[in-house]
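**Q** Before I ask anything, let me first share the structure, which is written out below as structure tokens.
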Amino acid sequence: MWRQQDVNVVTLRGQLATLRVFLEFCASIDAVEPGMRERVKLSDVDRGDEARDEMVDTERARKIIGYLERYKRASREHVIMAILWHTGIRLGSLRAVDLEDYEPDEQCFWLRHRPDTGTPLKNQGPAERAIALDDYYCDVLDEYIRFHRHDVVDEHGREPLVTSDQGRLSSGQIRSEVYRLTQPCMVGECPHDRDPNDCEAMEYGHYYDCPSSLSPHTIRRGAITYQLREDIPEKIVSDRCDVSSEVLDRHYDRRTDREKMEQRRDFIEDL
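Just so you know, we're using the UniProt record's numbering here: the sequence shown kicks off at 1 and counts up by one.
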């Protein structure tokens, strides 16, 4: 009852589920009596509440990438935004890529599960795969590696693809970059009547204070929806983005029912 005053019902359910897992562990070491976890009742969540609609749409993504192409081509910011949008991979997956995982001649990079050296993939070993890239994104990566990537290693002696001068970027650093890049005033006017010169959200550590800034996951959701709207088969999107068909439909596919119907019509007309 205390926690639900500060979070929405979906977040509350997730946190209570975590508490239940902890109580199960406590019971296994006789710290609490068996069955304690069942006393934590999970709140009911409607499917519509569970699946959030917030995403970076195609127009917004193109504006941001276009701005970076013009003013900060092949910068670290350009690579982060462009690769997240083009591939639809998770933040942690981008962070996990090493320099040796990128194969410019084959126009792809590999995602590998390396929990022992600090870069696990969410779905572990089964999530290992190669991600295809097109010419433009390979050119951006090649220029970044040649001109802007810091020649550093992380604490495990690995060479990260996306770096700071200290080594591999943390998840927080990548998230902060995305919050900054998705601020509307990066590519246009501020919709909140704020002066960018005085806005607190322009300061490092406060980028998320902008009401319109978005998290990396909204890029993933927008990228997946864009791929589906471009008639890429769901199976290919599912494999490329490491998401099951059920989760794809529930959490990521933001096509309207009419859009889906019109796309199916193209196949029906060929019957």
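Positions of the beta carbon are idealized from the N, C-alpha and C atoms, including for glycine.
(1) For Ile219, which three-state DSSP category applies?
(2) Whose CA, out of Arg240, Ser176, Thr225 and Met261, lies closest to the CA of Ala61?
(3) Tell me, which residues are paired with Glu103 by DSSP?
(4) Which same chain residues, not among the five before or five after Trp2, have their C-beta less than 6 Å away from its C-beta?
(5) Which residues in the same chain have their Cβ closer than 6 Å to the Cβ of Glu159, if we skip the five residues on either side of it in sequence?
(6) Tell me, which residues are paired with Ser164 by DSSP?
(7) Identify whether Asp134 lies in helix, strand or coil by the three-state DSSP scheme.
(8) How about Val162 and Leu94: do their beta carbons lie closer than 8 Å?
(9) Assuming Ser171 contacts Gly92 under a Cβ cut-off of 8 Å, what Cβ separation, rounded to an integer in Å, is found between them?
(10) Around the Cβ of Gly48, are there at least 16 other Cβ atoms within 10 angstroms (buried) or fewer (exposed)?
(11) Do three or more CB pairs link the region 177-189 to the region 76-86 at distances below 8 Å?
(12) Name the residue from Pro115, Asp134, Val140 and Leu84 whose alpha carbon lies nearest to the alpha carbon of Arg70.
(13) Where does the unbroken alpha helix (DSSP H) through Ser93 begin, and where does it stop?
(14) Are there 16 or more other CB atoms within 10 angstroms of the CB of Ala17, so buried, or fewer, so exposed?
(15) Rounded C-beta distance between Arg90 and Lys122? I'm assuming under 8 Å.
(16) Taking 8 Å as the cut-off, decide whether the C-beta atoms of Arg220 and Arg254 are in contact.
(17) Within its chain, find whatever has a CB closer than 6 Å to the CB of Trp110; leave out the 5 residues flanking it on each side and keep chain order.
**A** According to the data block:
(1) helix
(2) Thr225
(3) Cys108
(4) none
(5) Asp98, Leu99 and Val153
(6) Gly167
(7) coil
(8) yes
(9) 6 Å
(10) Note that Gly48 has pLDDT 48, beneath the 50 cutoff, so the model's placement of it is unreliable and the number below is only indicative. By the 10 Å Cβ count, Gly48 comes out exposed.
(11) yes
(12) Val140
(13) Leu91 to Ala96
(14) exposed
(15) 6 Å
(16) no
(17) Asp101 and Ala130
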